[in-house]
Amino acid sequence: MPVKIDTVIKMMNQYFNESTAESWDNTGLVCGDINAEVTNVITCVDITKDVLTTAQTQGANLIIAHHPLAMKPFLPITPYTAKGSLIWQAVKHDIALYCAHTNVDIAEKGLCYQGARKLGLTNIVSYGTDRTYKKLILTYPGTLEEEVHDLLEEFGALSPVTVAYGDKNRTEATIAEERCNNLANRLHRLAVDINIYTLDNARSDLFSFALGDITPSDAETFVERVKDIFDLKTVHIGGNLNKQIRKVAFCSGAGKSFLPQVIRSGADAYVTGDIGHHDFQTAYEAGILLVDATHYGTEKPFSTMIKQLLIDEIPELNERVFSLCQNDYFSTYK
Ligand SMILES: [Zn+2]
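Letter 37 of the sequence shown, counting from 1, is numbered 36 in numbering that gives the first Met the number 0, and no numbers are missing.
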């Protein structure tokens, strides 16, 4: 049976809801006709010229990538800029581009969780999600329903429920605290009556990083395990190199902003990518082992993970999904 691109995107949203992406992120459809039938699909971490060429040779009209081309939507799209030319080429060849980024990192079955499982962690818990949410109760004329719902969607509000009474509507929704003020300003311009309540519960089901137990080992054995599991020739390590490793935190991609929370969590080791001088210094002072398994190294499982999900959920795509193994953009010179 033919499968529409829209069907694939809806399935992705069931597992990795776009509204759970970080506010600074640019997850979702970049370009393409969602009503077109899928020919073949490419899954990859980064959209590059090589990926587009491969899509053409494989007859793929959908590319599902992890990284957005830019964190903010950008215009104009012309063939004369680095990122614009990729979109230009995709549109010219009827290839849809779809990015699933931080919503995949933090999801229940996402990259943080899967990475923690690959490392052999047990008793895995989501951790470090200090995102707090606000509850909104909106009252407004029923004629504004579409505009209000469009705004809620634009700001990634969760679970909107609307009840009509007379000529008025009452809508309840949940919104990440950092987006609440901007949304409220836009709603005020529509003359919507707004009540805002603080929710105590942070979204503990989302993984800023995963924390779990591991069979105790010394630091060297643990680092060798990380290299093996993520298939890396080298890793950068720092902090306490004599630490006994029992509890491990993992964050795919660039997770250094979570280092203070990782230290407070009681982890003996933290594995992530894009670690810098001051992060290793912080780990040293805190007495934990810090392993930089590189940004790409910790995210490259994305391609095979999404391929498997597509085949499991949409069997018609069996043998029509190609996961690309890309090279890192840098290596260690010995
Ligand atoms: Zn990344």
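Glycine residues also receive a C-beta, built at the ideal position from the N, C-alpha and C atoms.
Residue i, buried or exposed, once every other Cβ within 10 Å from all chains shown has been counted against 16
i      : result
Ala209 : buried
Pro259 : exposed
Ser207 : buried
Met11  : buried
Lys9   : exposed
Phe257 : buried
Lys255 : buried
Asp278 : buried
Ser107 : Strictly speaking, residue 107 in this sequence is Glu, with Ser absent from that position. Under this definition Glu107 is an exposed residue.
Ser158 : exposed
Arg188 : exposed
Ser322 : buried
Pro1   : exposed
Ala163 : exposed
Ser22  : exposed
Val37  : buried
Gly141 : exposed
Ala95  : buried
Asp104 : buried
Phe73  : exposed
Gln243 : exposed
Gly114 : buried
Pro215 : exposed
Thr26  : buried
Asn60  : buried
Lys133 : buried
Tyr126 : buried
Ala268 : buried
Bridge-paired residues (DSSP) for residue i
i      : result
Asn39  : Ala59
Thr170 : Leu137, Thr161
Phe208 : Tyr126
Cys30  : Leu96
Phe269 : Residue 269 is actually Tyr in this sequence, not Phe. According to DSSP, which records beta bridges pairwise, Tyr269 is partnered with Ala248, Leu289.
Ser216 : Ile244
Ala175 : Tyr132
Thr197 : Lys133
Lys3   : Glu36
Asp192 : Thr138
Heavy atom of ligand 1 within 7 angstroms of residue i beta-carbon
i      : result
Glu21  : no
Ala253 : yes
Glu335 : No answer is possible for residue 335: the residues shown for the chain start at 0 and end at 333.
His65  : yes
His294 : yes
Cβ shell of residue i (< 7 angstroms), same chain only, five flanking positions each side left out
i      : result
Gln325 : Cys43, Val44, Asp45
Asp212 : Leu120, Thr121, Asn122, Arg245, Lys246
Tyr14  : Ala106, Lys108, Leu308
Lys226 : Val234
Ile262 : Ala285, Ile287
Asp273 : Ala253, Lys255, His294
Gly83  : Ile76, Thr77
Asn16  : Asn102
His92  : Gln55
Ala266 : Leu210, Lys246, Val247, Ala248, Ile287
Cys30  : Ile86, Ala89, Val90, Ala95, Leu96
Glu312 : Met10
Ser251 : Asp104, Leu110, Cys111, Gly114, Thr297, Glu298
Chain-order list of residues whose beta-carbon lies under 6 angstroms from that of residue i (same chain, five-residue window excluded)
i      : result
Val124 : Leu210
Gly296 : Phe229, Leu231
Thr331 : Thr233
Ile63  : Thr42, Tyr97, Ile305
Leu28  : Tyr97
Ile33  : Ile4, Asp5
Val339 : An answer regarding residue 339 cannot be provided, because it is not within the stretch 0 to 333 covered by the chain.
Ala172 : Leu135, Leu151, Ala156, Pro159
Glu177 : Ser22
Asn39  : Gln57, Gly58, Ala59, Arg319
Any non-hydrogen atom of ligand 2 closer than 7 angstroms to residue i Cβ
i     : result
Ala81 : Although ligand 2 was asked about, the structure shown includes only ligand 1 as ligands.
Chain-order list of residues whose beta-carbon lies under 8 angstroms from that of residue i (same chain, five-residue window excluded)
i      : result
Glu145 : none
Trp351 : Since the displayed the chain opens at 0 and closes at 333, residue 351 lies outside it and no answer follows.
Val50  : Ile41, Cys43, Ile62, Ala64, Leu323, Gln325
Tyr24  : According to the sequence provided, residue 24 is Asp. The question's Tyr does not apply to it. So the list reads Pro67, Met70, His100, Thr101, Asn102, once near-sequence residues are dropped.
8 angstroms Cβ cutoff, residue i in contact with chain C
i     : result
Val40 : Included in the structure is just one protein chain, with no chain C present.
If you scan the segment 118-158 from start to end, which runs of the beta strand (DSSP E) of 3 or more residues do you find wholly inside it?
121-126, 132-140
Of all the beta strand (DSSP E) runs that stay within the bounds of the segment 232-264, which reach a length of 3 or more residues?
235-238, 243-253
In chain order, which alpha helix (DSSP H) runs of at least 4 residues are fully inside the segment 300-330?
300-312
Threshold first: 4 residues or longer. Then list the alpha helix (DSSP H) segments lying entirely within the segment 59-109, N to C.
81-91, 101-104
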